[in-house]
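A.B. asks:
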Amino acid sequence: MKMKRLLAIGTMASLLIAPCAFAQSGGGAAPSDPQIVGVVTAADQIDIDAAKLALKKTKNDQVKQFAQQMIDDHMNLQKSVNDLGKKLKVKPEDSATSKSLKTDAAAEMKKLRGLSGKAFDTEYINHEVAYHQQVLDAAGKVLIPSAQNAELKSALQGAAPLLQGHLQHAQQLQSSMGGSSGK
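In the working numbering, the protein residues as written are 140 to 322.
See below:
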């Protein structure tokens, strides 16, 4: 059960931008299960990398705690995704979405690396709010309806409460830091 929950969390958190990327990839074709797993894998690593950068750059204890939570949750998710993929004999497959996620993440990381202090903290938290809002939307509109395997679909459905918790935590930080809620 814990593995399913972690897989669901990671899968959804990782797939924030999936609807946009699939729409842009031509024809709006639904992602296959291997593509969904590939997107989740890429998305988890992206959030882990951003959180690791936050731990190095921030002086804000609340941002540090949030970043550590993202690292812990997404590393556990990666393990769960890998384990479920092996169990289901589903290998992650690269797609236009996973490639788009990586390209967008590289641009965001470049932007974050150029910031420091409150400007870094604000941009990082604003990004996390937008990311988690998008992943919740992607899960409901694209990922869950597209998942063919019942276990994968269940894992995606089970992730919503955790992702909602991440979103609320990031929004609370955003508010306490005087950040924008419209980003």
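By construction, the Cβ of each residue, glycine as well, lies at the ideal position given by its N, Cα and C atoms.
All values derive from a computational prediction rather than experimental measurement.
Give the range of the alpha helix (DSSP H) segment to which Asp-260 is assigned.
C.D. replies: Along the sequence shown, read from residue 1 onward, the residue named residue 260 stands at position 121. Element bounds for Asp-260: 256-277.
A.B. asks: Within the stretch 285-316, note down every full alpha helix (DSSP H) run reaching 4 residues or more, in order along the chain.
C.D. replies: Qualifying alpha helix (DSSP H) stretches, in chain order: 289-315.
A.B. asks: Within 10 Å of its beta-carbon, does Ser-237 have 16 or more other beta-carbons around it, so buried, or fewer, so exposed?
C.D. replies: Start at 1 with the first residue of the sequence shown, and residue 237 comes out as number 98. Buried.
A.B. asks: To the nearest angstrom, report how far apart Thr-197 and Gln-207 are at their CA atoms.
C.D. replies: Taking the sequence shown and counting its residues from 1, one reaches residue 197 at position 58. Taking the sequence shown and counting its residues from 1, one reaches residue 207 at position 68. Spanning the two alpha carbons is a distance of roughly 12 angstroms.
A.B. asks: Within the continuous alpha helix (DSSP H) that includes Val-202, where are the two ends?
C.D. replies: Your numbering for residue 202 matches position 63 in the sequence shown. Start and end: 200-227.
A.B. asks: If you follow the alpha helix (DSSP H) that Ala-190 is in, where does it begin and where does it stop?
C.D. replies: For the purposes of this step, residue 190 is taken as the residue at position 51 of the sequence shown. First-last of the alpha helix (DSSP H) with Ala-190: 172-196.
A.B. asks: What's the call for Ser-364, buried or exposed, on a 16-neighbour Cβ count within 10 Å?
C.D. replies: Here the chain comprises residues numbered 140 to 322, so residue 364 is not present and cannot be evaluated.
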